[in-house]
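Residue numbering for the sequence shown is -18 to -1, 1 to 377, as defined by mature numbering (1 follows the signal peptide of the UniProt record, and there is no 0). The structure appears below as C-alpha cells.
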Amino acid sequence: MMRKSYLIIITVFVAVTANTIYNTHDSVADEFDNDLDHHEEREGRILFPFVSIVRFANTDCASTNTMNGICLARRECNNLNGTITGTCASRRGRCCVVSRTCGSTTNVNNTYFTSPGYPAAYAGGQACTLIVNRCNNNICQLRIDFLDFVIAQPDGDGVCVTDSITITGGNTIVPPLCGDLTGQTIFVDFNGNAAITIAVTATLATTFARRWNMRLTQLGCDCPGLAPNGCLQYYTGITDTINSFNYGTGANTLLSASLVTGTRQIANLNYGICIRMEAGYCAIQYAQTANDVFSFTVTGDVEGADNTVLGTAVGAVNDGACVTDFVVIPNPVVAATAVPVGTDRFCGLGFVPVQTGAKPFVLYVVTDGNEGATATTPPDVANRGFSLTYTQIAC
Ligand SMILES: *[C@@H]1O[C@H](CO)[C@@H](O)[C@H](O)[C@H]1NC(C)=O
Ligand SMILES: *[C@@H]1O[C@H](CO)[C@@H](O)[C@H](O)[C@H]1NC(C)=O
C-alpha cells in the first residue's frame, strides 16, 4: 500500500570533522530515516518541514545474522564499506557490519576478517594480511574469535609449513598456528599504540579448500572480558571444553620425519589457558571429553594402542616421563580418590580425571618441535592433542 507523503527535509550536518567516529564515539544521524516504515505512524498528521539533528553513541549492536556490528549513521557505514544489517539507537543509527579481507587495515570494533570470496574456498597465494589498529587509546586487548577457520594441516611433525596464521605486533606471543581452529578464541595484548598484524599464509601449490572468518573484538582496558596477563586463552563459566589448537576427529594424513602417521598437535607451543574462577567455586576438575577415545593423545603411538589403552588410565603418562609434549596442571589430586597425583605434568594416550584448588585456574600447554624418537621413547604416532572438559567445584 503506497501512500504519498510530501516532505521537505532539511538535514543539517554537524561537522564531525575528518577524524569522525572512532575518536568521538558518537554519530550524527545525517539523513532522514526514509527507508523505515513510518507511514502508519504519520497517518493523518500534518507534516512540516523540520530540522533533525540526532546524536547517538557508537555502541556495538547485534545484527540478525549473529554478526556484531557497530552503530553508525548510514553514510558512515557506507564510507567504511560496511554492510547495514538493521537499525540501532532507536532506529536513528544503522547496525553496520564491517568485514575485511587481504591487504586491509581496520580500526573498527568487531571487524570480521574473512578469506577472499568467503565462504567459498580460497586457493591460497601471497600472504593475506590484515592490520588492526586500536579504535581508541583505551584499548588493551584484541580478542580473536575463530568463528570458522580451516587452512591446511601442519606437516607430520606438527609444524605449520604449508599454511599458517601468524599474529604479530602485540604484547602477547602467539605461536604460528594452522589446521582447523574453528571455535578457538585467543586474546592478544596491544603493545601501546602499535598495530597488530594478522597474516595468513596459504601455499597456492597445495590444493586445499581453505576458508576463514574471524571476529576481532577490541577490549577496553577496563573491560571485564579481558584475559589476565599471560593467558593466550581465557574461559569463563562453570563448565566448558578446552581443545588444543587443531584438535579434530580425523588424523593428519601426512607422515612425520620418523615416517609414521603424523600429528595434528601443533609443534613448538608454550602457552597458558586461564579459567575464571566463578563466584562460589573454589576448585576445578579436568577430565577427558567423553565419548572420544582420542581426546587425550598427546604423546605415544595411537595406532599401536587399542581401546583398552586409548583414553584410559593404562594410556596415561605423567611426571618425568613427559618431556616432549605435555599439559601442566598445578598441584592436582586424583578426582576419584583425592590422593595427590604428585606431579603436574600429563602426557600419553589417556588422562585420569584430576581436581585442583590451586589459583588462578590455569593449565599450560607445551610441545616440542617434532614427533621424533628420543633416547628412551619411540616416535609419537597419529597424536591429535587434547580435548579436556573442565567443571568448577562449588566451595
Ligand atoms: C571502500 O572501498 C573503496 C572501493 O573499493 C576503496 O577505495 C576505499 O578505500 C574503501 N574504504 C575503506 C574504509 O575500506
Ligand atoms: C567492542 O564490541 C564488543 C562486543 O560487541 C564490546 O563488548 C566492546 O566493549 C566493544 N569495544 C569498544 C571499545 O567499544
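No residue lacks a Cβ here, since even glycine has one placed at the ideal position from N, Cα and C.
Of the listed residues the options, nearest to residue i (C-alpha basis)
i, options, result
"F343", "G99, T218, N60 and A364", "T218"
"G140", "T235, P98 and A376", "T235"
"Q200", "R366, A364 and T41", "T41"
"L62", "V80, I178 and S72", "V80"
"C77", "N92, L54, T88 and G99", "L54"
"G244", "M49, P136 and Q123", "P136"
"C122", "C142, I147 and A177", "A177"
"A109", "L129, N115 and S86", "S86"
"A265", "T221, T231, N228 and D283", "T221"
"T349", "K341, A191 and N252", "N252"
"R56", "D307, F227, S9 and D288", "S9"
"A134", "R125, T179, R192 and A181", "R192"
Proximity test, Cβ basis, 8 angstroms: residue i and chain C
i, result
"G230", "The structure shown contains no chain C; it is built from a single protein chain."
Contacting residues, own chain, Cβ-Cβ under 6 angstroms from residue i (five flanking each side not counted)
i, result
"G107", "L186"
"A317", "Q267, P335, V336 and Q337"
"Q83", "The displayed chain sequence assigns Thr, not Gln, to residue 83. Counting only Cβ-Cβ distances below 6 angstroms, and skipping sequence neighbours, we find T96 and P98."
"Y216", "F169, A209 and C256"
"C142", "P136, P158 and C160"
"T144", "A134, T185 and T188"
Buried or exposed (CB count within 10 angstroms, at least 16 for buried), residue i
i, result
"E285", "exposed"
"S72", "exposed"
"T358", "exposed"
"P361", "buried"
"G152", "buried"
"D301", "exposed"
"L345", "buried"
"C377", "exposed"
"R37", "exposed"
"V323", "buried"
"L292", "buried"
"T154", "buried"
Length of the line joining the Cα atoms of residue i and residue j
i, j, result
"I3", "C117", "In this prediction, I3 has a pLDDT of 39, which is less than 50 and means its spatial position is unreliable; what the coordinates show is noted afterwards. Spanning the two alpha carbons is a distance of roughly 9 angstroms."
"V321", "C70", "56 angstroms"
"E22", "G75", "Note that E22 scores 34 on pLDDT, short of 50, meaning its location in the model is unreliable and no value can be drawn from it."
"P101", "L163", "16 angstroms"
"Y104", "F276", "30 angstroms"
"N175", "G202", "13 angstroms"
Distance cut-off 7 angstroms: residue i Cβ against heavy atoms of ligand 1
i, result
"N120", "no"
"L54", "no"
"N91", "no"
"N115", "no"
"N40", "no"
"N63", "yes"
heavy atom of ligand 2 below 7 angstroms from residue i C-beta
i, result
"Q166", "no"
"Q200", "yes"
"G207", "yes"
"N50", "yes"
Residues near residue i in its chain [Cβ-Cβ closer than 8 angstroms; skip 5 each side]
i, result
"V156", "T148, I149, T150, I168, V170 and L214"
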